[in-house]
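Residue numbers (my numbering), protein chains in the order written: chain A, 18 to 232; chain B, 18 to 232.
Glycine included, each C-beta is placed from N, C-alpha and C at the ideal position.
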DNA sequence: ACTTGTCCTGTCATGCCGTCAGCTTACCGA
DNA sequence: TCGGTAAGCTGACGGCATGACAGGACAAGT
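Below, the structure is given as structure tokens:
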């Protein structure tokens with residue numbers, strides 16, 4: 018579909034080139050974890066990768082461009098989050114389990130991609146459509162599934178008609194994303210992971226089904 | 018407490034100096050709204066304020082330092098968000114109104130301070146304690162009130178004992194903050210403000226009381 | 001007019017940005 | 001084995017932001 022990996026000036030990247038490119042991405046990823054986004058400099062990434070700044074610019078237009086690349090990669094993996102919702106039951110004990118596993122999976126994913134997700138979030142909040150699209154791609158995989166779940170429950174008359182499935186699903190997912198992004202913060206504040214998860218699961222269950230879960 | 022405003026090199030700022038300082042802060046605020054945080058340069062802020070970069074460095078150690086100043090200011094105002102919760106009823110129609118007004122007030126505040134809150138959020142997520150503290154200051158004003166509300170409902174036996182008040186309140190507030198920060202995003206995605214608010218209010222009500230609201 | 005302390009800016013060394021020409025390396029067909 | 005060709009990399013450079021300093025402008029009091 019997209020064809021081959023290309024350098025900025027149009028050459029196709031060969032084996033060695035791709036390796037260098039990947040190394041730069043890896044190093045950038047590391048830097049994002051260890052220092053503020055604002056302070057990540059091309060020269061540092063290049064140095065860390067054992068190459069020169071000029072090489073960096075051969076593969077990426079700028080830091081942002083490289084970040085988008087990393088984010089894109091992560092988004093692919095994030096599409097798998099759909100699994101946490103689609104085809105699952107929302108009634109009885111199974112419903113509670115669905116909630117719990119959704120929360121669990123979500124927090125894990127966020128913890129894993131912590132640094133890059135921060136930047137994506139910022140970009141999206143600043144109105145950058147490219148970042149926004151990536152954020153959507155990840156969240157939609159869950160949001161859409163949840164939206165469907167609500168709609169289905171509505172047709173069965175189990176959920177009030179005046180609930181907007183999209184808004185509800187979107188809000189819940191936003192909550193998960195936000196809490197996930199500040200997991201460390203919660204801990205500092207004295208809320209333990211162990212009590213955080215069930216409460217999130219409870220909220221998800223309440224939001225989707227409108228009822229307390231049976232555990 | 019803090020006493021007078023001081024320059025970086027320790028002088029006390031007089032009338033004129035304070036005016037310049039404030040102008041720099043205002044211009045920085047504007048710049049944060051119009052361009053990505055990463056691209057905000059001291060020289061641009063100074064130019065916009067009709068002064069020189071050297072002047073900027075007389076009052077602030079760097080961009081981040083000035084941002085903290087703005088954030089601190091906003092946090093003071095944010096403390097007033099407590100009003101949205103403290104002393105309000107969570108039962109019957111009044112409970113629904115409390116939810117609605119909380120959501121309304123929260124979204125308004127966020128929309129108003131949009132740009133600076135993005136940066137605070139990023140700083141906090143990156144683990145910077147100064148930003149984290151400011152974020153807490155704002156959110157705590159609401160979180161603590163909500164926590165109290167849940168505790169009270171628990172003692173009355175109206176809410177399950179296994180709900181962690183702090184975790185629940187924190188999650189709800191995080192949700193509000195996150196949704197507020199991506200309000201534009203929701204719109205792009207096809208969810209209208211008008212349906213977003215009631216759904217958030219519903220979730221808040223469900224989370225705090227465990228019950229559907231009576232409208 | 002003179003002094004004092006505040007306030008601002010011109011200037012400079014330093015360092016990063018982003019680009020280019022040109023060199024090195026790898027691959028391939030003859 | 002030997003060019004030929006394209007990929008891959010870097011030194012070097014002009015440009016710009018940073019951050020520090022010294023000195024000039026300004027206001028207020030004497």
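message = I need the boundaries of the alpha helix (DSSP H) containing residue 110 (chain A), first residue and last residue.
response = That run of the alpha helix (DSSP H) goes 109 to 142.
query = Does residue 176 (chain B) come within less than 8 angstroms of chain A when only Cβ atoms are used?
reply = Cβ-Cβ to chain A under 8 angstroms: no for residue 176 (chain B).
task = List the residues of chain A that residue 224 (chain B) touches, going by C-beta distances under 9 angstroms, in chain order.
result = The answer, in chain order, is 216, 219, 220, 223, 224.
task = For residue 64 (chain B), name the three-state secondary structure that DSSP assigns.
result = Judged by DSSP in its simplified three-state form, residue 64 (chain B) adopts helix.
query = Quick one: is residue 51 (chain A) buried, meaning 16 or more other Cβ sit within 10 Å of its Cβ, or exposed?
reply = The residue is exposed, with fewer than 16 neighbouring Cβ atoms inside 10 Å.
ask   = Are any of the Cβ atoms in chain B nearer than 8 angstroms to that of residue 59 (chain A)?
value = With 8 angstroms as the cut-off, residue 59 (chain A) does not count as an interface residue toward chain B.
message = So if I threshold CB-CB distances at 7 angstroms, which residues from the region 173 to 203 of chain B count as touching chain A?
response = The residues in question are 180, 181, 183, 184, 185, 187, 188, 191, 192, 194, 195, 196, 198, 199, 201, 202, 203.
ask   = In chain A, what lies closer than 9 angstroms to residue 153 (chain B) by C-beta?
value = Going along chain A in sequence order, the residues near residue 153 (chain B) (Cβ under 9 angstroms) are 202, 205, 206.
task = Can you give me, in chain order, the residues of the region 25 to 53 of chain B that have a beta carbon less than 7 angstroms from any beta carbon in chain A?
result = Listed by position, the residues of the region 25 to 53 of chain B near chain A (Cβ gap below 7 angstroms) are 53.
message = Please list, in chain order, the residues of the region 127 to 150 of chain A that have any C-beta partner in chain B closer than 8 angstroms.
response = Under the 8 angstroms Cβ criterion, the region 127 to 150 of chain A contributes 135, 138, 139, 140, 141, 142, 143, 144, 145, 149.
ask   = First and last residue of the alpha helix (DSSP H) that includes residue 46 (chain B)?
value = Run containing residue 46 (chain B): 32 to 51, per the alpha helix (DSSP H) assignment.
ask   = Any idea which residues DSSP pairs residue 105 (chain A) with across the strands?
value = Under DSSP, residue 105 (chain A) takes part in no beta bridge, so it has no partner.
message = Distance cutoff 8 angstroms, beta carbons only. Does residue 109 (chain B) sit that close to anything in chain A?
response = False, the Cβ-Cβ gap to chain A never drops below 8 angstroms.
task = At 9 angstroms on the CB atoms, spell out the chain B contacts of residue 82 (chain A), in chain order.
result = Neighbours of residue 82 (chain A) on chain B: none; closest Cβ ~13 angstroms, over 9 angstroms.
ask   = Among A:26, A:143, A:43, which residue has its Cα nearest to the Cα of residue 64 (chain A)?
value = Taking only the C-alpha atoms, the option nearest residue 64 (chain A) is A:43.
key: Through-space distance from residue 159 (chain A) to residue 233 (chain A), alpha-carbon basis   = There is no way to answer for residue 233 (chain A), as the model of chain A reaches only from 18 to 232.
key: Meets three-Cβ-pair contact criterion under 8 angstroms: the region 183 to 200 of chain A and the region 125 to 132 of chain A   = Because the criterion of three Cβ pairs below 8 angstroms is met, the region 183 to 200 of chain A and the region 125 to 132 of chain A touch.
message = Alpha carbons only, please: which of A:41, A:76, A:72 is nearest the one belonging to residue 23 (chain A)?
response = Nearest option by C-alpha distance: A:76.
request  = Could you give the DSSP three-state label for residue 80 (chain A): helix, strand or coil?
outcome  = Helix at residue 80 (chain A).
Beta-carbon proximity list for residue 134 (chain A), same chain, < 7 angstroms, skipping 5 on both sides = Around residue 134 (chain A): 127, 198.
For residue 219 (chain B), the first and last residue of its enclosing alpha helix (DSSP H) = Element bounds for residue 219 (chain B): 210 to 226.
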